[in-house]
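**Student:**
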Amino acid sequence: MAARRQLIAGNWKMNGLKADAGKLVGDLIQDVGKPGVVGCELLVCPPATLVSTVAGLLSGSAVVLGGQDCHAKASGAHTGDISAAMLRDAGATYAIVGHSERRTDHGESDGQVLAKAQAAQAAGLVAIVCIGETEAQYVAGQTLDVLARQIAGSVPASAKAATTVVAYEPVWAIGTGRTPTNDEIAAAHAHIRKELAKLTGEAAGIRLLYGGSVKPSNAAEILRLPDVDGALVGGASLNAADFAAIARACP
Ligand code: PGA
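Using the numbering used here, the letters of the sequence shown correspond one by one to residues 1 to 251.
#1: What distance in whole Å lies between the Cβ atoms of residue 13 and residue 212, which are believed to be in contact at a cut-off of 8 Å?
#2: Secondary structure at residue 207, three-state DSSP: helix, strand or coil?
#3: Let's test the definition: count the other Cβ atoms within 10 Å of the Cβ of residue 226 and tell me whether it reaches 16, buried, or not, exposed.
#4: Leaving out the 5 sequence neighbours to the left and right, which residues in its chain are closer than 7 Å to residue 199 when beta-carbon positions are compared?
#5: Where does residue 66 fall in DSSP's three states?
#6: For the alpha helix (DSSP H) holding residue 139, just list the boundary residues, first then last.
#7: For residue 137 and residue 143, I'd like the C-alpha separation in whole angstroms.
#8: Buried or exposed: residue 5, going by 16 or more other Cβ atoms within 10 Å of its Cβ?
#9: Between the Cα of residue 146 and those of 78, 110, 223, spot the shortest distance and give me the residue it belongs to.
#10: The alpha helix (DSSP H) that contains residue 152, what's its start and end?
#11: Leaving out the 5 sequence neighbours to the left and right, which residues in its chain are closer than 7 Å to residue 330 when beta-carbon positions are compared?
#12: Closest to residue 45 by C-alpha separation, out of 94, 19, 229, 221, would be which residue?
#13: Is it buried or exposed, residue 103, if we count other Cβ atoms within 10 angstroms and call 16 or more buried?
#14: Under the criterion of a Cβ to heavy atom distance below 7 Å, does residue 213 qualify as lining the ligand PGA?
#15: Figure out for me which residue from 78, 131, 33, 76 has the closest Cα to the Cα of residue 99.
#16: With three or more C-beta pairs closer than 8 Å as the rule, is the segment 60-70 touching the segment 82-90?
#17: Just curious, the beta strand (DSSP E) that residue 228 is in, first and last residue?
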């Protein structure tokens with residue numbers, strides 16, 4: 001099995017105007033974004049209005065670009081939505097799909113997330129499919145069952161290492177400063193790898209990211225856990241020094 005290169009992905013969520021993006025991306029490139037400075041792959045996912053702008057800012061750097069969501073259809077009468085092909089056209093090579101904030105705020109089902117992942121792949125984007133249990137499910141001891149159900153429902157059976165990344169993001173850990181224990185993260189990732197193998201037949205190369213309150217102080221220990229191939233970072237990705245420190249923590 002080829003070694004999986006770690007991926008540190010920044011999800012800016014609904015944050016950033018042009019001036020903020022210029023400073024954030026400039027500082028990031030200066031710190032860790034030039035080719036060969038860190039061993040991991042670096043990705044930023046700005047809001048849709050900034051994808052083209054950030055594509056220009058990243059030119060010549062080692063940082064790649066993604067969108068935070070895409071529509072399941074290639075085009076059509078879907079006011080306010082953007083397609084995977086539009087993201088690709090604007091310079092993105094990745095798209096996050098099924099983030100818990102989309103699942104909650106927009107009522108996205110596993111089936112819709114699956115369709116979005118397929119649309120992303122059809123447009124030549126790598127889909128980062130997000131899964132994770134709620135706090136109530138965690139407390140009830142249902143985490144592994146929830147993850148199995150979400151994988152079966154929202155990850156394409158055709159997923160390959162080159163087309164798909166899966167992000168484990170416990171909903172209760174997002175933006176809260178709380179994280180599962182290292183043993184819980186490792187157990188969840190091992191389970192995800194096993195379920196992906198059942199679904200796709202080739203899970204070994206598919207990268208699994210942990211997300212939820214990753215910061216410079218916990219990144220090194222999380223990124224060293226077995227089956228953790230990187231991180232999906234929200235809040236800390238809005239600070240260039242913090243995001244760079246997480247990138248440098250990659251083993
Ligand atoms: P957080 O968000 O790092 O702010 O917890 C993670 C995410 O939602 O991807």
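Backbone N, C-alpha and C define an ideal beta-carbon position, used for all residues, glycine too.
**Tutor:** With the given structure in hand:
#1: With a Cβ gap of about 13 Å, residue 212 and residue 13 do not count as contacting.
#2: strand
#3: exposed
#4: 151, 152, 155, 157
#5: strand
#6: 135-139
#7: 6 Å
#8: exposed
#9: 110
#10: 143-154
#11: It is not possible to answer for residue 330, since the shown part of the chain is limited to 1 through 251.
#12: 94
#13: buried
#14: yes
#15: 131
#16: yes
#17: Careful: residue 228 lies outside any beta strand (DSSP E) and carries neither H nor E.
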